[in-house]
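So the structure is just underneath, and the comments pick up after that.
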Amino acid sequence: MDPTSIPPASVTPSWDVFPQQTLEPVDIAVLVLYFLFVLAVGLWSMWKTQRSTVKGYFLAGGQMVWWPVGASLFASNVGSGHFIGLAGSGAAAGIAATAYEWNVSDPARAPHQDTALPVTTMPEYLRKRFGGKRIQIFLAVLYLFIYIFTKISVDMYAGALFIQQALHWDLYIAVAGLLAITAVYTVSGGLAAVIYTDALQTLIMLIGAVSLMVFSFIEVGGLEGLQAKYFSAIPSIRKENSSCGLPRKDAFHIFRDPVSSDLPWPGVLVGMTIPSLWYWCTDQVIVQRSLAAKNLSHAKGGSLMTSYLKILPLFMMVMPGMISRVLFPDLVACADPDICQKICGNPSGCSDIAYPKLVLELLPVGKSLVMVLALLGVAHGSLGGELREKNTLELPFQWVHALPLLLHGAGGHLHPHRARGQRGHRAPGPRNGASPPLLL
57 MDPTSIPPAS
67 VTPSWDVFPQ
77 QTLEPVDIAV
87 LVLYFLFVLA
97 VGLWSMWKTQ
107 RSTVKGYFLA
117 GGQMVWWPVG
127 ASLFASNVGS
137 GHFIGLAGSG
147 AAAGIAATAY
157 EWNVSDPARA
167 PHQDTALPVT
177 TMPEYLRKRF
187 GGKRIQIFLA
197 VLYLFIYIFT
207 KISVDMYAGA
217 LFIQQALHWD
227 LYIAVAGLLA
237 ITAVYTVSGG
247 LAAVIYTDAL
257 QTLIMLIGAV
267 SLMVFSFIEV
277 GGLEGLQAKY
287 FSAIPSIRKE
297 NSSCGLPRKD
307 AFHIFRDPVS
317 SDLPWPGVLV
327 GMTIPSLWYW
337 CTDQVIVQRS
347 LAAKNLSHAK
357 GGSLMTSYLK
367 ILPLFMMVMP
377 GMISRVLFPD
387 LVACADPDIC
397 QKICGNPSGC
407 SDIAYPKLVL
417 ELLPVGKSLV
427 MVLALLGVAH
437 GSLGGELREK
447 NTLELPFQWV
457 HALPLLLHGA
467 GGHLHPHRAR
477 GQRGHRAPGP
487 RNGASPPLLL
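Right, here's the structure in full:
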């Protein structure tokens, strides 16, 4: 079918995207089992690891093997924003967004550790490598701004969006609940709890996403059916003299025209490599998980595992987003600003609802809630990792310098006569460069 043709509007479409649903007993049972399992994994990881030192708390004791490192790298990278954004990009413009996931500088280049310099953060490594504190402070402040304004906020929005659409909660209540649950195991368990829960979330996410992918391709008639029907997925209400709402003719091409396309191939190959190198080789979320590995071999093994897992987003996120447009063209591909405002509250378009709509419409009772919980778990994983790295980046300015003073002051309050009798004598510090203890 010609992509510029306009199908007749035989039936007035309904703008009720996510009709109110009640939780079935199966859904409630799945919900309870999920949270109990996650809680059990978090408690086990807290019991298993040593959290009383800086290395034990912020680097999981440096004892992680390759598979939890790889799972945590994947879960920290692929957040709920990926399911919203990549599926939405697929619905709106095709498979070109996969280039962000398949860039040549992705996780295979991540682990470049200098074992002679024991560090906790990337800014700390640069200070020890080149000397001086200005570059450390500059990078720490820069990373904090990046995490707050480009990562934490995005994952908060995407995770809260799933909660709002699946459980019909207010958006701000959903944000508060998401932050509260994430903070429980992130603050109390340290990096080890984050890594082990990430591994669990990765397993659940893969099971749920692959299940949805299978249901989606069955519904649309396989890859051939998607290729045939995608160009017919045009909203019934649109302006006739406008290309708005029409699928792109190059929707099934990753490398597109270098002049007129939305993602020109020179930018994909060259321009995208620069931020990819920054992310996979210097970003604190990635670096800290590599530093938590037992040795360089386990760090490389975890990164290679992540590289293979990064092949999946095309099939688990982008193509399901395209299938969602095929199945719900009037909602996902809406082209009229007033209608889009009624559907999703965004006059610019509603492609962001592609994946949540698919989850709640295609998966049967019980499995749909599993997928929603998996996506919430991904939001917890990526958000927890970002909060953990934010706290770690603040470490040089808070714990390392303030904690010895706090410990000395606490000792003075508990034993004032001993403190007065020892004036002029320095309290013994950590021996042989050992990490100071943490009051956790």
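Going by our numbering, the sequence shown opens with residue 57, and the numbers climb by one from there.
C-beta atoms are modelled at their ideal positions from N, C-alpha and C, and glycine is treated no differently.
Contact between the segment 268 to 277 and the segment 144 to 151: three or more CB pairs below 8 angstroms?
-> no
Tell whether a beta-carbon distance below 7 angstroms holds between I140 and D408.
-> yes
R497 by DSSP, collapsed to three states: which one?
-> Past the edges of the chain, shown from 57 to 496, lies residue 497, and the structure says nothing about it.
Determine the contact status of K285 and V388, defining contact as a CB-CB distance below 7 angstroms.
-> Taking 7 angstroms as the Cβ cut-off, K285 and V388 do not qualify as a contacting pair.
CA-CA distance, L129 and S292?
-> 42 angstroms
Can you give me the start and stop residues for the alpha helix (DSSP H) that E180 sits inside?
-> 178 to 186
Would you call the segment 258 to 269 and the segment 411 to 421 in contact, with 3 or more CB pairs under 8 angstroms?
-> yes
Are V121 and H354 touching if we call contact CB-CB under 7 angstroms?
-> yes
Cα-Cα separation, G215 to A230 | Distance between the alpha carbons of G215 and A230: 8 angstroms.
Would you kindly report the start and end of the unbroken alpha helix (DSSP H) that includes G281?
-> 278 to 285
Examine the ligand SAM and report whether any of its heavy atoms sits within less than 6 angstroms of the Cβ of A289.
-> Inclusion of the ligand SAM in the displayed structure is not the case, the ligand content being empty and no account of it being possible.
Which of the three DSSP states, helix, strand or coil, is assigned to A349?
-> strand
For the segment 332 to 377, list the alpha helix (DSSP H) runs that are entirely contained and at least 4 residues long, ordered along the chain.
-> 340 to 347, 352 to 365
Three or more beta-carbon pairs under 8 angstroms between the segment 177 to 197 and the segment 331 to 349, yes or no?
-> yes
Just tell me which of P403, M372, L302 has its CA closest to the CA of Y411.
-> M372
Look at the Cβ atom of Y252, then the Cβ atom of V374, and state whether they are nearer than 7 angstroms.
-> Contact flag unset, no.
L198 CB to nearest chain B CB: under 7 angstroms?
-> Looking for chain B here will not work: only one protein chain is present.
In DSSP terms, what P320 is bridged to = R312
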